[in-house]
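Number of protein chains: 2
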Amino acid sequence: MSYQILTIDNLQSYIFSIPQIKEYLGDGDITISEIGDGNLNFVYIVTNTTNQKSLIVKQAVPYLRIAGEGFPLSKDRMNYEIRALQFYSQIVPNLVPKIYYADEEMSLVVMQNLSEHIIMRKGLIDRVIYPDFAEHISTFLARTLFFSSSLYLNSSDKRALIDRFNSNRELCKLTEDFVFTFAYMQNDTNDINPDLISEAEEFFSQNDFKKNLLKLKYIFMTQTDALLHGDLHTGSIMLNQKETYVIDPEFAFVGPFGFDIGALIANLINSYISHFYRSQDREYQQWILDTIQEIYAKFESKFLNLWSQYSNSALLTEGFISQKELDEFKSEFMQNIFRQSVGFAGAKIARRVFGIAGVEDIRAIEDKTKRKEAEMMALEIGKRLILNYENINSVDELFELL
Amino acid sequence: MSYQILTIDNLQSYIFSIPQIKEYLGDGDITISEIGDGNLNFVYIVTNTTNQKSLIVKQAVPYLRIAGEGFPLSKDRMNYEIRALQFYSQIVPNLVPKIYYADEEMSLVVMQNLSEHIIMRKGLIDRVIYPDFAEHISTFLARTLFFSSSLYLNSSDKRALIDRFNSNRELCKLTEDFVFTFAYMQNDTNDINPDLISEAEEFFSQNDFKKNLLKLKYIFMTQTDALLHGDLHTGSIMLNQKETYVIDPEFAFVGPFGFDIGALIANLINSYISHFYRSQDREYQQWILDTIQEIYAKFESKFLNLWSQYSNSALLTEGFISQKELDEFKSEFMQNIFRQSVGFAGAKIARRVFGIAGVEDIRAIEDKTKRKEAEMMALEIGKRLILNYENINSVDELFELL
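Residue numbers (the working numbering), protein chains in the order written: chain A, 593 to 994; chain B, 593 to 994.
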């Protein structure tokens with residue numbers, strides 16, 4: 593149907609007009625409530641209180657939800673979220689919510705309600721250990737990146753994939769501005785801790801790392817390696833001890849391999865930093881570092897294992913190159929992915945300090961002095977990663993910079 | 593109008609149904625002749641013998657013209673040629689033929705007849721010196737690459753540009769196969785000089801340079817720097833002593849900066865090699881080397897000059913970085929363009945030896961021994977450029993490899 597904004601009042605009649613949703617929910621008393629924590633979209637939980645079946649309805653509106661109608665943002669962003677979820681449901685069906693219904697015209701998706709899972713950022717703040725997280729997320733990274741790359745797809749299918757995501761212009765631009773640019777200079781969109789005004793000025797005047805930041809931004813804008821989630825922070829992950837789900841891929845586009853990996857590492861490092869000031873729980877901090885180590889090692893081995901199974905792709909033609917030279921090529925290729933991941937992680941960490949979107953892990957530290965120290969540490973670590981990313985060869989070398 | 597294949601019989605009534613063409617040609621006796629030298633398309637010259645006005649009609653058919661209907665190739669390729677010519681006519685109006693009419697539905701373009709110009713490859717074989725060529729083609733390269741890049745366009749316009757060319761899949765695939773793959777391995781499409789059968793086998797078994805060739809192929813497939821002509825060899829240039837025109841951009845797509853530059857350098861080096869065996873004209877060979885030197889120096893200075901005029905783009909935001917760091921960034925950026933150009937030049941030279949599409953400069957050498965020696969020299973030089981491209985810093989260092 594043509595686009596109309598749904599509200600609590602007309603949502604029920606709309607979703608019950610969709611046969612598979614009517615069938616899924618079944619007969620009974622229906623309650624609908626809005627989840628208020630989305631920045632961009634309206635999200636509702638619909639529950640049949642008679643049989644306890646429930647689902648999520650997410651709809652994009654033609655403006656930024658938290659900012660209101662004065663901040664227009666194309667609702668087409670939902671198209672990319674739907675398309676990414678459809679790709680993920682083929683490639684990593686157990687690591688994304690089930691999609692019950694999607695309608696690009698309506699900028700709407702109806703999906704599984706993850707009622708037994710919490711947002712990972714909150715779990716990390718509460719020092720919850722997730723023993724299987726590294727295993728799950730490394731599978732997510734390896735499979736989604738490999739199967740959308742020129743190492744698996746043929747040339748024509750790769751360009752078709754780019755076609756489906758290339759127009760996600762507004763959200764790519766948000767990343768270009770807010771991750772790579774504005775948080776490093778005087779800009780009205782920044783949200784600077786009043787206790788760090790002079791530190792911010794000093795930071796903005798530093799230029800030694802900005803050359804590398806420009807390189808990373810250029811790679812982000814022009815390197816079409818694979819389909820990215822585009823915003824893979826710990827707020828885009830819902831999990832419990834047994835299951836992990838990646839949500840909210842509205843920033844999806846075809847970009848550099850290292851960006852999702854870097855985003856994830858960055859958010860784990862932010863949590864690591866926060867616990868120097870939140871909990872002083874060294875054991876939990878060590879679990880975070882071990883998790884980063886395990887994620888990367890497992891990502892690399894799973895990615896290479898998939899690659900070894902396909903000898904024909906857009907890039908490779910069987911018989912073209914000897915195994916020895918191919919292995920060398922792969923080894924340099926993976927090293928490059930790692931280095932870029934470190935660089936992107938640095939940008940993702942540093943931009944959280946003065947930029948528009950801080951992270952709760954650090955910004956919500958109540959003690960002002962501790963918050964300030966945590967922010968200065970994040971800034972310093974982010975900068976080091978950006979400065980050194982081209983020369984880092986292993987997770988151990990990355991940890992030396994922390 | 594909807595697509596129909598034009599022939600000598602129905603061409604006249606078709607083009608006279610287009611008001612601006614009817615007006616351009618005027619009244620008089622019309623003759624139409626087919627130019628038989630296109631590989632892909634049908635090309636006709638239409639002349640009014642009364643007033644001597646003439647024009648070119650070029651139409652794509654849904655197959656490869658030289659191979660016939662048994663080799664299907666989407667006629668949509670003409671869309672990309674039309675779009676590239678339209679971009680060029682804005683950015684370098686004096687360096688491309690004037691477009692009188694274009695119709696994507698009909699896969700057809702009507703354009704200026706360059707009757708006073710010859711294909712550059714023929715001029716080079718005949719040892720013609722073109723004193724202004726380096727000046728013209730460096731302007732073409734600098735302006736077309738800069739104005740279609742993220743150094744000039746904003747983020748959204750850059751993605752819109754990619755949209756317009758991303759579906760040129762078949763022709764990109766031809767380059768991936770024939771420039772980067774098949775000419776370096778046993779493949780049915782190869783066209784191997786019977787005198788070089790054992791040398792070809794020996795060459796195909798070498799692997800030392802293939803790792804770099806894969807890197808270059810990967811860059812070609814995934815780096816979206818700027819709008820490329822995509823096939824900028826000396827057969828795609830028509831010129832005389834005063835004017836230079838670039839034609840046939842049907843391979844146009846958004847790809848790496850170095851590819852057009854590399855293609856041009858490769859074809860000049862092929863001519864340089866051929867004259868060791870064709871003319872032994874050392875003075876002409878020196879003119880070729882001087883021309884390469886001048887093209888690159890002028891390209892770089894014009895490109896940097898354009899860049900200095902725009903401080904806001906998809907990449908740059910005024911006030912983000914100091915001039916000193918920005919200059920360092922630009923310097924590394926240009927060095928990277930040069931290195932990739934050298935690598936692409938190597939691939940373009942070497943693939944001409946055993947691959948499907950040889951160059952007349954070398955393949956048409958009549959003396960069998962000389963042809964063989966020229967081919968072996970091209971192979972060796974191509975390989976050296978591929979092997980060393982990441983460490984070459986200047987045109988002088990490139991010449992040391994010749």
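By construction, the Cβ of each residue, glycine as well, lies at the ideal position given by its N, Cα and C atoms.
Of all residues in the stretch 788 to 810 of chain A, those with a C-beta nearer than 7 Å to a C-beta of chain B are Asn799, Lys802, Lys803, Leu806, Lys809 and Tyr810, reading in chain order.
DSSP, read as helix, strand or coil, puts B:Glu910 in coil. In the three-state reduction of the DSSP assignment, A:Glu697 falls in the coil class. A distance below 6 Å between beta-carbons, with the five flanking residues on each side excluded, links A:Ala734 to the following residues of its chain, in chain order: Phe891, Lys894 and Phe895. In this structure B:Gln651 is buried. Its beta-carbon is surrounded by 16 or more other beta-carbon atoms within 10 angstroms. Listed by position along chain B, the residues whose Cβ is nearer than 9 Å to that of A:Tyr776 are Phe912 and Ile913.
Under the Cβ distance rule, A:Lys765 counts among the residues neighbouring chain B, one pair being separated by less than 8 Å.
Inter-residue distance for A:Pro664 and A:Ile811 is about 27 Å (C-alpha atoms, whole angstroms). In this structure, DSSP gives A:Gly974 a helical state, which the three-state scheme calls helix. Nearest to B:Phe921 by alpha-carbon distance, out of B:Asn799, B:Phe936 and B:Leu743, is B:Leu743. Apart from the 5 residues on each side of it in sequence, A:Lys802 sits with its Cβ closer than 7 Å to the Cβ of Tyr776 in its chain, given in chain order. Against chain B, the CB of A:Ala906 has a partner CB under 8 Å away; the residue lies at that interface.
Bounds of any alpha helix (DSSP H) do not take in B:Ile627; it lies within the beta strand (DSSP E) bounded by Ile622 to Ile627.
With fewer than 16 other beta carbons inside 10 angstroms of its own, A:Lys834 counts as exposed. Around A:Ile978, no beta-carbon contact reaches into chain B at under 7 Å, the shortest distance being about 13 Å.
Between the C-alpha atoms of B:Asp840 and B:Glu673 there is a straight-line separation of about 7 Å. Contact between the stretch 779 to 793 of chain B and the stretch 951 to 971 of chain B is present: three or more C-beta pairs spanning the two stretches fall below 8 Å. Going by beta carbons, B:Tyr595 and B:Ser699 fall inside the 8 Å limit. Boundaries of the beta strand (DSSP E) around A:Tyr636: Asn633 to Asn640. Taking 8 Å as the upper bound for CB-CB distance, A:Met830 and A:Met712 are in contact here, some 7 Å apart.
Using a Cβ-Cβ cut-off of 8 Å, B:Asp755 counts as an interface residue toward chain A, since at least one Cβ of chain A sits closer than that to its own.
The bridge partners DSSP lists for B:Ser646 are B:Thr639. Taking C-beta separations shorter than 8 Å and ignoring five residues to either side along the sequence, the partners of B:Arg976 in its chain run Gly938 and Leu993, following chain order. The shortest CA-to-CA distance from B:Val934 to any of B:Asn897, B:Gly618 and B:Tyr981 is the one to B:Tyr981.
Rounded to whole angstroms, B:Val846 and B:Ser759 show a C-alpha spacing of 10 Å. Residue nearest to A:Leu856 within the set A:His867, A:Ile880, A:Glu958 and A:Ser871 is A:Ile880 (criterion: CA-CA distance). DSSP places B:Pro611 inside the alpha helix (DSSP H), whose first and last residues are Pro611 to Leu617. At a cut-off of 8 Å between beta carbons, A:Met926 makes no contact with chain B. Using a Cβ distance threshold of 8 Å, A:Ile610 and A:Ser625 do not count as a contacting pair. Per the DSSP secondary-structure output, A:Met830 pairs in a beta bridge with A:Ile711 and A:Tyr837. Assignment of beta-bridge partners to B:Pro664 by DSSP yields B:Tyr655. Not a single C-beta of chain B is nearer than 8 Å to the C-beta of A:Gln878. For the pair A:Leu763 and B:Ala818, the Cα-to-Cα distance works out to about 21 Å.
Counting the other CB atoms within 10 Å of its CB gives B:Asp800 a total below 16, which places it among the exposed residues. Using a Cβ-Cβ distance cut-off of 8 Å, the stretch 789 to 798 of chain B and the stretch 871 to 878 of chain B are not in contact, since fewer than three pairs of beta carbons, one from each stretch, lie closer than that value.
Cβ atoms of A:Phe849 and A:Asp823 stay farther apart than 8 Å, at about 16 Å.
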